[in-house]
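Novice:
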Amino acid sequence: MSVSQVFPNFPTRGWHILRLLQQCWHGLGERWHRRSIEAALTDKRRGNLALLAKAAPESLPRFVRESQAAQEYLTLLGVLDWSSFPERSTLRLWPGPKPLPRATYAAIFLIKIDQGYATMPKVRKYLLEQPALVWLLGFRLVPSTAYSWGFDVDASVPTNRHMSRVLRELDRAQVSFLLKSAVQLLAEALPPELEFGKEISLDTKHILAWVRENNPKAEMANRYDKTRQPKGDPDCKVGCKKRTNKAVHSKETATVTTTPTSEAIPARHASVGIFYWGYASGIVATKLDDWGEFVLAEYTQPFDKGDQSYFFPLMAQTEAHLGHKPTSGALDAAFDAFYV
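Counting in our numbering, the sequence shown runs from 7 upward without gaps.
#1: What residues in its chain sit with their C-beta under 7 Å from that of Leu-107, if we drop five residues either side in the sequence?
#2: Considering only residues of the segment 123-160, which uninterrupted alpha helix (DSSP H) runs meet the minimum length of 4 residues and lie entirely inside it, listed in chain order?
#3: Within the continuous alpha helix (DSSP H) that includes Ser-182, where are the two ends?
#4: Is it true that the CB of Leu-302 sits closer than 8 Å to the CB of Val-189?
#5: Starting from the Cα of Ser-95, find the closest Cα among Cys-246, Asp-177, Met-226 and give me that residue.
#6: Under the rule that 16 or more other beta-carbon atoms within 10 Å means buried, what is Val-254, buried or exposed?
#7: Helix, strand or coil for His-327 per DSSP?
#8: Taking only three categories from DSSP, how would you classify Tyr-230?
#9: What number of angstroms, rounded off, separates the C-alpha of Ala-59 from the C-alpha of Pro-332?
#10: Okay, do the segment 124-137 and the segment 164-171 touch, 3+ Cβ pairs below 8 Å being the bar?
#11: Determine whether the beta carbon atoms of Lys-243 and Phe-317 lie at a separation below 8 Å.
#12: Is the distance from the Cβ of Phe-91 to the Cβ of Ala-109 below 8 Å?
#13: Determine the direct distance from the alpha carbon of Trp-155 to that of Trp-38, and round the result to whole angstroms.
#14: With DSSP collapsed to three states, give me the class of Ala-59.
#15: Closest to Val-148 by CA distance: which of Leu-80, Ala-179, Ala-161 is it?
#16: Could you tell me the distance, in whole angstroms, from the CA atom of Leu-320 to the CA atom of Glu-304?
#17: So, Ile-206 versus Gly-335, is the Cβ gap smaller than 8 Å?
#18: Quick one: give me the first and last residue of the beta strand (DSSP E) that Lys-118 is part of.
#19: In the DSSP assignment, find the unbroken beta strand (DSSP E) run with Tyr-316 in it and report its ends.
#20: What does a CB cutoff of less than 6 Å around Pro-236 pick up in its chain, not counting 5 residues either side in sequence?
#21: On the three-state DSSP scale, how would you describe Thr-81?
Written out as C-alpha cells, the structure reads:
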C-alpha cells in the first residue's frame, strides 16, 4: 500500500504547511534584521572610536565588520583618547537639535590628511562610498529602508560647506588634543634608548592669507596699510617676511670702495623688506636617525608678531606633551634674545 493511498491529502497539506513555515521564518528574519538595524542606529558607542576599538568585533554591525576602510580607520584612530576630547558646551539660548560632536569633524580632518584630499567635496564623496565609516564617526543617521545598512548616507553626511566651516572654526584646544595624543603615543611606542624629544629644533613659517592684497598683479594703493583690513580675511595681519639692513649693490658696484662712485638712492625707492598679509606658524620638531622627524608642538599667530613671541608658548607645549624638558635645541638668529 502506497503513502498516497494511506494519506491521500498529504501532498497538498504538506506543501501548504511548508509555505506557512517559510512565510513565518521570513517574517521572523525580517523582524530580527529590523531590530538589529534599529540597535545599530541607536548605538551610543558611535563616534567614540577609542571605545569601539576596544569592543568585541561581534558586537559591531555586520556591514562595519566587513568594511576594510572602517576597520583600518578604527585601528588607526582608535588608539587616541577620544573620551578626553575637549568638546564644546551644548548649552545654547536658542532652540534646535543638539549639535554634532566636534570630535567627529576632527576625525574627518585626519581622514582628509590620510587620504591626501585637497578639497572637502572629495572627502564627502569618499564618505558617501563608505557607509560603515559614516556609522563609526557618529553622524546623525537618517533611517531608510532602501539600504541594507538601514540609513541614507547622503542625507546623514553634512554638506561640504558646513564641514569646511566647522573645520575652520575648531578651537585651538581641540586641535592641540590630536597633536598631544600623537606625541604621547610615539613616546610610548619608541624604544627608551632613543631619548625621544631630548634634542629639538624650532622655526617659524609664514602662511599667506587668501586676500587681494597679496596678489602682486592686483593694482591697489596702500597695499600694506595695517589700518586697512583686507575684506577676504578679518583676522590676518600684515608683517615682514624678510628684512635686510645691508645696502643692495649692482654687479658693477659690488666691490667695496671708500669713495662712492654713484649718486645715493632715495630712501623712498629702497627695498627694505618683503611684506605679506597672513599668519606665521611656529613648529618644534625632533629628529631620530632611521626613524624620522616628528612634530612636538605648534603655535600659530597673526603675521605681525615677532619670532621671539613663539618661544615660551612652544616650549610650554613641548614640555606638556613630552612630560619633560628638552636638554638641547637648534634655533636660528631670530631667537637670539637675552630672555630666550
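Where is the CB? At the ideal position from N, CA and C, for every residue including glycine.
Only a predicted model underlies this, so the values are computations on that prediction, with no experimental measurement involved.
Specialist: According to the data block:
#1: Before going on, a small fix: residue 107 reads as Pro here, not Leu. Excluding residues within five positions, the ones whose Cβ falls inside 7 Å are Gly-53, Glu-93, Gly-144.
#2: 126-134, 137-143
#3: 178-195
#4: yes
#5: Asp-177
#6: Because the pLDDT at Val-254 is just 49, under 50, the model does not fix this residue reliably, and the value given afterwards should be weighed accordingly. Val-254 comes out exposed.
#7: Here His-327 sits in helix by DSSP.
#8: coil
#9: Here the alpha carbon of Ala-59 sits roughly 33 Å from the alpha carbon of Pro-332.
#10: yes
#11: no
#12: Phe-91 is a Cβ neighbour of Ala-109, given a cutoff of 8 Å.
#13: Note that Trp-38 scores a pLDDT of 47, beneath 50, so its modelled location is shaky; the value from the coordinates is reported in the next line. C-alpha separation (whole angstroms): 13 Å.
#14: helix
#15: Nearest in C-alpha terms to Val-148, of all of Leu-80, Ala-179, Ala-161, is Ala-161.
#16: 7 Å
#17: Taking 8 Å as the cut-off, the beta carbon of Ile-206 is found closer than this to the beta carbon of Gly-335.
#18: Per DSSP, Lys-118 belongs to no beta strand (DSSP E); it is in the alpha helix (DSSP H), 108-121.
#19: It is not in any beta strand (DSSP E) - Tyr-316 carries neither H nor E in the DSSP assignment.
#20: Around Pro-236: Val-217, Glu-219, Trp-283.
#21: helix
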